[in-house]
Amino acid sequence: MSHQEALTDYIAVFVAELVQTGMTDVVVSPGSRSTPMAMVMAEHPDLNVHINVDERSAAFFALGMAKASGRPVALLCTSGTAAANYYPAVVEAYYSRVPLVVLTADRPHELRDVGAPQAIDQIHLYGKHAKWFVEMPIPEKSDEMERYVRSVCARAAATAQAAPAGPVHLNFPFREPLVPNLEKEDLFTLKSRETGYVAIEQGIPTLQTTQIEKIREQLKRHEKGIIVCGSLEEDGFVEAVVELSNCLQFPIIADPLSQLRSGKHDGTNIIDTYDTFLRNEDAKNALKPEVIIRFGAMPISKALTIFMKENHDAEQWIIDGGAGWRDPSLLSTSMIYCNEKFFCEAISAQVGERSVSEYLVKWREVNAFTKENLLRIRETSELSEGRLFHLLSDMLPEGATLFVGNSMPIRDVDSFFHFNEKSIKIMANRGANGIDGTISTALGASTVLQPLYLAVGDLTFFHDLNGLMAAKLYNLNIKIIVINNNGGGIFSFLPQSNHPKNFEKLFGTPLDLNFEHAVHMYNGSYDLITDWNHFTSSFERNLENNGLSVMEITTNRDTNLKEHRDLWNFVSQEISRLLKG
1 MSHQEALTDY IAVFVAELVQ TGMTDVVVSP GSRSTPMAMV MAEHPDLNVH
51 INVDERSAAF FALGMAKASG RPVALLCTSG TAAANYYPAV VEAYYSRVPL
101 VVLTADRPHE LRDVGAPQAI DQIHLYGKHA KWFVEMPIPE KSDEMERYVR
151 SVCARAAATA QAAPAGPVHL NFPFREPLVP NLEKEDLFTL KSRETGYVAI
201 EQGIPTLQTT QIEKIREQLK RHEKGIIVCG SLEEDGFVEA VVELSNCLQF
251 PIIADPLSQL RSGKHDGTNI IDTYDTFLRN EDAKNALKPE VIIRFGAMPI
301 SKALTIFMKE NHDAEQWIID GGAGWRDPSL LSTSMIYCNE KFFCEAISAQ
351 VGERSVSEYL VKWREVNAFT KENLLRIRET SELSEGRLFH LLSDMLPEGA
401 TLFVGNSMPI RDVDSFFHFN EKSIKIMANR GANGIDGTIS TALGASTVLQ
451 PLYLAVGDLT FFHDLNGLMA AKLYNLNIKI IVINNNGGGI FSFLPQSNHP
501 KNFEKLFGTP LDLNFEHAVH MYNGSYDLIT DWNHFTSSFE RNLENNGLSV
551 MEITTNRDTN LKEHRDLWNF VSQEISRLLK G
C-alpha cells in the first residue's frame with residue numbers, strides 16, 4: 001500500500017468523523033505541513049473552511065465563532081511557531097470555557113530535535129491550558145487505526161464541549177509527500193457506523209433531594225441575601241434565576257455579561273448600577289447581606305468585588321456546573337457543583353414564594369435613585385466615553401450583539417449600560433482579560449450573530465488590526481466604534497497615575513495613529529466623529545450598511561478621568577442624603 005493511500009484514508013476518516021460529531025466550521029491557517037488535512041477538509045461538502053493567514057487572528061476568529069454558537073470549532077495550522085501563535089486564544093478559550101478543537105500538523109518523529117526547519121517541541125505545547133492532548137500516530141491504513149482515529153475525534157469534540165467547555169489539542173505528525181489523493185472514490189464514506197463511531201452522552205451535575213432540602217433550611221434563616229450573576233451562557237438560566245429571585249426576594253446583581261441586563265424577562269429585581277453606589281459607605285452599610293449566592297465568572301466591577309470581600313462574614317455560595325474554583329478572594333463558604341439552571345429551578349420549587357422583603361425594596365430604591373442621577377452623563381456636551389455607552393442601550397437595534405473590548409470599555413458598559421427589553425447580547429473576552437485578538441473574536445462572532453457592534457479602545461484596535469482581513473475576505477458585517485483617547489485610558493484610574501514621572505512612557509503609551517488608512521486598506525468605511533449629532537447620524541446611516549464600518553470617537557484621558565470621578569462623587573453625595581433621610 002502506498003504512502004499516499006494511507007495518508008488519504010487516515011485523514012478522510014478523521015474529517016468525516018469530525019463532521020459526524022456535529023462540527024460544521026474549521027479555521028485554517030495556510031502552511032505546508034498541514035497540507036493533507038487542509039486539502040481534505042476543503043473537499044468535504046458539509047464543512048465550512050475559513051482561511052485566515054495570521055495564526056493569532058485565526059485562533060481568535062475561531063474562538064469568536066465557538067463563543068457565539070456554543071459549539072466546538074476546529075482550528076488547523078502547520079508546524080512550528082504557527083502553532084505557538086495559537087497560544088493566546090487557547091488560553092482565553094480555557095479560562096472563558098469556550099470549546100475549541102486545535103489541530104496542529106507536525107514533523108514526523110525522526111525530524112524532531114535534529115535541526116529540521118519548522119520543527120519545535122509541540123508535545124503538550126499548550127500545557128494545562130488544553131483540557132486534553134493527544135499525539136496522533138503516523139498515518140497508516142488498517143481497521144484498528146480507523147477505529148482509533150474516529151474514537152479520538154469523537155472524544156475530542158465531546159471533551160471540548162463537556163462542562164467546563166474548553167480547548168483540546170490533537171498533534172498530527174505527517175511524512176512527505178504531503179498531497180493526498182482527492183480523486184479517490186467515496187472519499188468520505190465510512191465503512192461502518194456511518195452516523196458516528198461512538199456516541200458520548202453527557203449529563204448535568206445535579207443535587208440530591210437531601211442536599212436541596214438542606215439548602216432550603218439554610219435559606220429560611222436569611223432574609224438579607226443577594227444573587228450575583230457573572231458571565232454565564234446557558235439556555236434557560238436567565239428565566240430560572242429571575243424566578244429564584246422572586247421566590248427568595250433577593251436582588252440580582254447583574255454583571256453586563258450575565259445576559260440579564262437586556263431581554264424580555266422581568267427586570268424588577270435586576271440591579272445594574274451597583275458599580276456606582278457600592279462606592280458609597282452609607283450604601284454599603286445599609287445593604288449588608290447575610291448570604292451571597294454567586295453564579296458564573298467573577299464580575300467585572302471592582303466595587304462589587306470589594307463589597308463581597310468586606311462582607312466576608314456572610315455565607316457565600318458559588319454555584320458552578322463546571323466544577324471549577326472561581327473564588328479569587330477565597331470567600332466561599334460553600335462550593336456547590338451543580339448545573340446552574342437546575343439549582344435555580346430546584347430551590348425555587350422548594351422555597352415557594354416569600355412576602356415582599358424590605359431588604360430587596362431598599363436595593364431597588366438605591367438602584368433606581370442611582371440610575372436617575374447617572375442621567376447627568378447625558379448632559380455632557382464633549383465626546384465622552386461614559387455618555388457613549390449610556391446612549392448605546394437606546395441606539396442599538398433589537399436583538400443586536402455588542403462585543404466590548406477590555407480595559408475601559410467593558411467597565412463603562414458595567415457603569416452606564418442599564419436594563420432594557422431589547423434582547424441585546426453583550427460579549428467580551430474575559431477569560432484572561434487581555435486586549436489581544438479582540439477584533440478577530442468579534443468578527444468570528446459576527447458569522448453567527450447579527451447585527452454585531454464592537455466597541456474598543458485605540459490600543460485594543462491597533463493590537464489586532466490584522467484581524468480586519470477576515471472582514472475583507474468574507475465581507476463580514478461588523479460596525480466598530482473606536483474610542484481613541486490616545487493611549488491606555490485604564491491606567492489613569494490606577495495607582496500608578498499618581499506617579500507622573502515616566503507615566504506616559506510606561507503606561508499612557510500614546511500612539512498618535514491615523515486609523516483611516518488602515519480601515520480603507522481592508523475595504524471598510526470610516527467616519528471620524530466630531531460631535532454627538534454627527535455620531536447619531538453616522539450610527540443611523542450604518543444601520544443599513546453591510547460590510548466593515550468604523551466610527552472613531554476622540555476623547556481625552558484626563559477629561560474622562562475627571563468626568564467619571566465627578567459623577568461618582570455627585571451620585572455618592574446624593575445617595576448619602578437619600579439614606580440619611
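Under the UniProt record's numbering, the residues of the sequence shown are numbered 1 to 581, in order.
Backbone N, C-alpha and C define an ideal beta-carbon position, used for all residues, glycine too.
If you check the CB distance, isoleucine 347 and arginine 216 come in under 8 Å. When C-alpha distances from serine 29 are compared across Ala16, Ile11, Leu18 and His50, the shortest belongs to His50.
Between valine 152 and valine 134, the gap from beta carbon to beta carbon is short of 8 Å.
Residue burial is scored here from C-beta neighbours: arginine 261 has at least 16 other C-beta atoms within 10 angstroms and is therefore classed as buried.
If you look at arginine 577, you'll find it in the alpha helix (DSSP H) that goes 557-579.
Put simply, of Arg33, Val448, Met521 and Ala58 the residue whose alpha carbon is nearest the alpha carbon of proline 177 is Arg33. The way I'd put it, the segment 330-345 doesn't touch the segment 538-552; fewer than three beta-carbon pairs between them come closer than 8 Å. Pairing tyrosine 453 with isoleucine 481 gives a Cβ-Cβ distance under 8 Å. In the displayed model, glutamate 110 falls within a helix according to three-state DSSP. A contact between stretches requires three or more CB pairs, one per stretch, nearer than 8 Å, and the segment 445-460 fails this requirement with the segment 290-310. Closest by C-alpha distance to lysine 422, out of Leu392, Gly444, Asn433 and Asn545, is Leu392. In this chain, the alpha helix (DSSP H) harbouring isoleucine 215 covers 209-220.
Per the Cβ contact rule, the segment 63-71 is not in contact with the segment 6-20 (fewer than 3 Cβ pairs under 8 Å). Within the model, the alpha-carbon separation for phenylalanine 416 versus glutamate 234 is close to 25 Å.
Closest in C-alpha terms to alanine 199, from the list Arg155, Ser381 and Asp394, comes Arg155. Looking at the backbone, the Cα of histidine 520 and that of glycine 467 are separated by about 14 Å. Taking a cut-off of 8 Å for Cβ pairs, the segment 165-174 and the segment 122-141 touch, as three or more such pairs fall below it. For threonine 401, the three-state secondary structure derived from DSSP is strand. As a beta-bridge residue in DSSP terms, leucine 454 pairs with Phe403 and Ile480.
By the Cβ-count criterion, serine 231 is buried, with 16 or more other Cβ atoms from all chains shown falling within 10 Å of its own Cβ. In summary, lysine 479 is buried, with 16 or more beta-carbon neighbours lying within 10 Å of its beta-carbon over all protein chains present. The criterion of a C-beta distance shorter than 8 Å is satisfied by proline 36 and leucine 7. If only uninterrupted alpha helix (DSSP H) runs of at least 4 residues are considered, those enclosed by the segment 381-445 are 385-395 and 408-416. Annotation for aspartate 9: the continuous alpha helix (DSSP H) segment containing it runs 3-20. Between threonine 273 and histidine 463, the C-beta gap is not smaller than 8 Å, which leaves the two residues out of contact. Cβ atoms of glycine 524 and leucine 543 stay farther apart than 8 Å, at about 16 Å. In this structure, the CA atom of glutamate 552 is about 23 Å from the CA atom of proline 256. The segment 307-325 and the segment 277-290 touch, with three or more beta-carbon pairs separated by less than 8 Å. In this structure, Ala163 is the residue among Ala163, Gly324 and Asn560 with its C-alpha nearest to the C-alpha of glutamate 201. It is roughly 13 Å from the alpha-carbon of proline 510 to the alpha-carbon of isoleucine 483. Residues Ala240 of the same chain have their beta carbon placed closer than 6 Å to that of glutamate 345, with the five preceding and five following residues left out of the count.
Distances from the CA of arginine 565 to each of Gly386, Leu331 and His44 were compared; the closest alpha carbon is that of Gly386. Residues of the same chain with a CB within less than 7 Å of the CB of arginine 326, apart from the 5 flanking positions on each side, are Ala297, Met298, Ile318 and Asp320 in chain order.
In this structure, the alpha-carbon of threonine 441 lies about 43 Å from that of arginine 354. Between isoleucine 426 and valine 404, the CB-CB gap stays under 8 Å.
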